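In the UniProt record's numbering, the protein residues as written are 1 to 368.
Using N, Cα and C, we set each Cβ at its ideal position, and we do this for glycine too.
Bear in mind that the values here come from a model prediction, so they are computed numbers and not experimental data.
Read the structure below first, then the notes.
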């Protein structure tokens with residue numbers, strides 16, 4: 001299978017791509033809210049569990065250096081079965097991309113521009129993202145690196161300006177929920193956002209220094225969990241433990257910032273920062289779907305499939321959820337179990353088949 005993508009990204013760019021993608025829709029949807037005031041602990045537990053998923057990704061990338069997920073599937077399963085497995089992944093990346101687009105469309109419609117139709121948000125987002133991915137992985141990596149300082153400055157500004165509203169006693173009592181609820185919240189956070197590390201098997205092959213894949217993946221995840229920890233602790237302590245009551249609790253927390261009527265509507269700044277994160281996540285999913293499709297079809301470039309995939313993603317983003325409530329219910333009740341198949345079962349199967357085939361080949365060569 002020929003290499004379609006000629007671009008390369010640095011270790012720093014991969015780290016920031018992972019951070020921005022994982023922070024993406026998580027900063028608006030606030031996963032793990034079932035844990036109440038222990039949401040921050042659920043993030044830690046979910047992150048720890050997701051490290052096992054990251055180990056799968058790292059192991060596969062080391063077994064097949066320089067190959068992305070599609071190429072690994074071909075090498076492990078053969079051309080026919082490998083393409084079937086690859087099509088499953090392409091569907092997941094495509095579907096996840098459409099969900100992320102809809103997440104932000106619903107968010108902007110509910111909080112910023114309530115009279116703007118959802119299709120307008122979806123269309124504008126996809127046009128911008130399509131332009132980015134046509135330019136290649138290097139441009140996506142540069143864009144992620146460019147917005148990172150802005151995201152950090154926004155987080156520091158929010159923390160500094162709302163510090164007088166923080167009530168640390170809102171965190172008490174710790175673990176005041178059932179073990180079942182905590183495990184469920186931890187499971188959800190392990191899958192979303194941390195388990196989405198699987199998509200970076202489509203990107204890690206383009207890292208300049210392949211020896212830094214493991215450290216880049218782990219550091220990206222660490223930055224993401226630190227970001228979510230900071231935001232969840234702020235949200236819990238500012239909203240006095242009522243974060244789970246709101247659809248977009250982090251936005252509500254930021255909305256409360258009011259410095260003597262001089263600095264108000266800081267929520268616009270927060271929403272803008274969240275949207276930048278979302279754009280990068282959309283780009284990564286869209287790119288993975290486009291590149292994978294082109295590789296399965298043996299095309300010389302993925303640019304011919306960018307427009308068709310964008311049109312299909314536009315339709316699916318609008319049609320899959322009749323309203324924002326259905327989207328929210330899907331995230332809270334269905335997505336984690338659906339995504340587990342792609343994040344754990346398929347990569348684990350691939351690793352087991354790969355190692356099994358190598359043992360068989362080793363035994364055969366030893367006998368001869």
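- The distance from the Cβ of residue 350 to that of residue 60 is about 6 Å, consistent with a contact at the 8 Å cut-off.
- Below 8 Å, enough C-beta pairs join the segment 128 to 137 and the segment 300 to 315 to call them touching: three or more.
- Residue 290 holds the alpha-carbon nearest to the alpha-carbon of residue 307 among 98, 290, 237.
- Residue 322 and residue 91 have their C-alpha atoms spaced approximately 21 Å apart.
- Around the beta carbon of residue 180, fewer than 16 other beta carbons lie within 10 angstroms, which makes this residue exposed.
- One alpha carbon belongs to residue 147, the other to residue 117, and they sit about 27 Å apart.
- In the DSSP secondary-structure assignment, residue 207 is bridged to 9.
- Its Cα nearest to that of residue 284, the residue 95 stands out among 95, 65, 109.
- Look at residue 136 here: in three-state DSSP terms it is coil, with no helix or strand label.
- Residue 240 holds the alpha-carbon nearest to the alpha-carbon of residue 37 among 346, 248, 240.
- Closest by C-alpha distance to residue 344, out of 197, 66, 244, 140, is 197.
- Nearest neighbour of residue 89 by Cα position, chosen from 338, 186, 361, turns out to be 338.
- Burial state of residue 156 is exposed, judged by a 10 Å Cβ sphere holding fewer than 16 other Cβ atoms.
- Counted as a single uninterrupted DSSP element, the alpha helix (DSSP H) harbouring residue 191 occupies residues 179 to 191.
- When C-alpha distances from residue 145 are compared across 355, 19, 361, 347, the shortest belongs to 19.
- Residues 39, 42, 43, 46, 185, 186, 188, 189, 232 of the same chain have their beta carbon placed closer than 8 Å to that of residue 32, with the five preceding and five following residues left out of the count.
- Going by C-alpha positions, residue 318 is about 23 Å away from residue 23.
- For the pair of segments examined, the segment 100 to 115 was found to touch the segment 268 to 280: the number of CB pairs separated by less than 8 Å reaches three.
- Cβ neighbours of residue 167 within its own chain (closer than 8 Å, five residues either side excluded): 237, 238, 240.
- By the beta-carbon neighbour count (other beta carbons within 10 angstroms, threshold 16), residue 359 is exposed.
- For residue 33, there is no enclosing alpha helix (DSSP H), as DSSP gives it neither H nor E.
- For the set 215, 327, 254, 288, the Cα lying nearest the Cα of residue 70 is the one of 288.
- With respect to the C-alpha of residue 127, the residue from 313, 84, 200 having the closest C-alpha is 313.
- Within the same chain, and ignoring the five residues on either side of residue 229 in sequence, the residues whose Cβ sits closer than 8 Å to its Cβ are 40, 43, 44.
- Your pair residue 217 and residue 54 checks out as a contact, with CB atoms roughly 6 Å apart and the cut at 8 Å.
- Here residue 266 has 254, 257 as same chain residues with Cβ atoms under 6 Å from its own Cβ, once five neighbours each way along the sequence are excluded.
- The three-state secondary structure of residue 67, taken from DSSP, is coil.
- The C-beta distance from residue 73 to residue 58 rounds to 17 Å, too long to meet the 8 Å contact threshold.
- The continuous alpha helix (DSSP H) containing residue 333 extends over residues 324 to 333.
- In this chain, the alpha helix (DSSP H) harbouring residue 238 covers 213 to 238.
- DSSP places residue 99 inside the alpha helix (DSSP H), whose first and last residues are 79 to 111.
- Counting only residues of its own chain and dropping the five nearest sequence neighbours on each side, residue 161 has a CB closer than 8 Å to the CB of 257, 259, 263, 266.
- The Cβ atoms of residue 7 and residue 205 do not sit closer than 8 Å to each other.
- Shown here, residue 301 sits in coil according to DSSP, grouped into three states, outside any helix or strand.
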